[in-house]
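Residue numbers (numbering that gives the first Met the number 0): 0 to 201. Positions of the beta carbon are idealized from the N, C-alpha and C atoms, including for glycine.
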Amino acid sequence: MLDRHARQLIDPPLNQIGRGLAARGFTADGVTLVGLGLGLIAALLIAFGQFALALVPLLASRVADGLDGAVARATQKTDFGGYLDIAVDFLFYGAIPMAFVIYDPTTNGAAGAFLLASFYFNGTSFLGYAILAEKHGHKTDAQGQKSLYYSNGILEGTETIVFFVILCLLPSYFSPLAWVFGTLCFATATLRIYAAKQTYTN
Numbered sequence: 000m001l002d003r004h005a006r007q008l009i010d011p012p013l014n015q016i017g018r019g020l021a022a023r024g025f026t027a028d029g030v031t032l033v034g035l036g037l038g039l040i041a042a043l044l045i046a047f048g049q050f051a052l053a054l055v056p057l058l059a060s061r062v063a064d065g066l067d068g069a070v071a072r073a074t075q076k077t078d079f080g081g082y083l084d085i086a087v088d089f090l091f092y093g094a095i096p097m098a099f100v101i102y103d104p105t106t107n108g109a110a111g112a113f114l115l116a117s118f119y120f121n122g123t124s125f126l127g128y129a130i131l132a133e134k135h136g137h138k139t140d141a142q143g144q145k146s147l148y149y150s151n152g153i154l155e156g157t158e159t160i161v162f163f164v165i166l167c168l169l170p171s172y173f174s175p176l177a178w179v180f181g182t183l184c185f186a187t188a189t190l191r192i193y194a195a196k197q198t199y200t201n
């Protein structure tokens with residue numbers, strides 16, 4: 000729900016920084032992979048119980064996730080770049096909950112599995128909707144200029160990052176927070192499927 004509002008705030012400074020990075024020879028795909036590396040470092044730190052320290056690479060990875068699109072807009076957007084970006088995002092989104100499960104599988108295992116299942120379902124509904132939108136020629140820039148159709152929902156990228164930050168600040172509450180967030184992810188996916196049925200039933 001918050002992505003379109005967040006984009007209005009962060010896109011102007013990101014675009015400016017992106018132009019600077021592009022002028023210095025940075026590529027969008029390179030920035031994407033740097034963001035992935037930072038996100039996996041955050042997951043590794045979480046797995047070892049370094050929750051506060053993990054916030055630094057976690058947030059830096061999300062800055063990189065915004066900057067890769069800005070660099071692409073300043074140079075040349077490619078279909079592969081958009082594909083790489085979404086694949087990396089999904090790996091990051093799965094790595095953080097998995098890290099909490101690795102840290103304490105007894106306490107966090109069931110809730111972590113439920114959360115990852117909800118991410119899987121939500122991600123499938125998101126990508127499936129994008130395929131239908133592309134097939135029917137539908138476009139939207141409500142959440143910034145993207146290489147594929149970004150359907151909105153109860154939970155989007157902004158809410159997920161806020162959730163991850165809260166988990167790092169309150170790691171002992173991972174289990175109840177994961178059950179709640181996972182339930183909202185299932186609701187988001189279900190509503191998206193309903194929206195697809197309303198829009199794309201011939």
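Three or more Cβ pairs closer than 8 Å define a contact, and the stretch 90-99 meets that threshold against the stretch 164-180.
The three-state reading of DSSP puts Leu83 in helix, counting H, G and I together. In the pairwise beta carbon analysis, the stretch 49-58 is classified as not touching the stretch 106-125: fewer than three pairs are separated by under 8 Å. For the pair Thr187 and Ile165, the CB atoms are not nearer than the 8 Å cut-off. Contact annotation, Ile16 with Leu66: C-beta distance approximately 6 Å; criterion of less than 8 Å satisfied.
Going by C-alpha positions, His135 is about 21 Å away from Thr189. Sequence-distant partners of Thr74 (beyond 5 residues in either direction) whose C-beta falls short of 8 Å from its own C-beta, in its chain, are Ala21, Thr26 and Ala27. Judged by DSSP secondary structure, Gly68 falls within the alpha helix (DSSP H) whose first and last residues are Phe50 to Ala73. Minimum Cα-Cα distance from Ser117 among the listed residues Gly181, Leu43, Ala110 and Gly38 corresponds to Gly181. Close CB contacts of Ser60 within its chain, under the 6 Å cut and outside five residues either way in sequence, are with Gly34, Leu37 and Gly38 (chain order).
Distances from the CA of Phe173 to each of Ala194, Asp78, Leu52 and Leu114 were compared; the closest alpha carbon is that of Leu114. At the C-beta level, Ile40 and Ile95 stay beyond 8 Å of one another.
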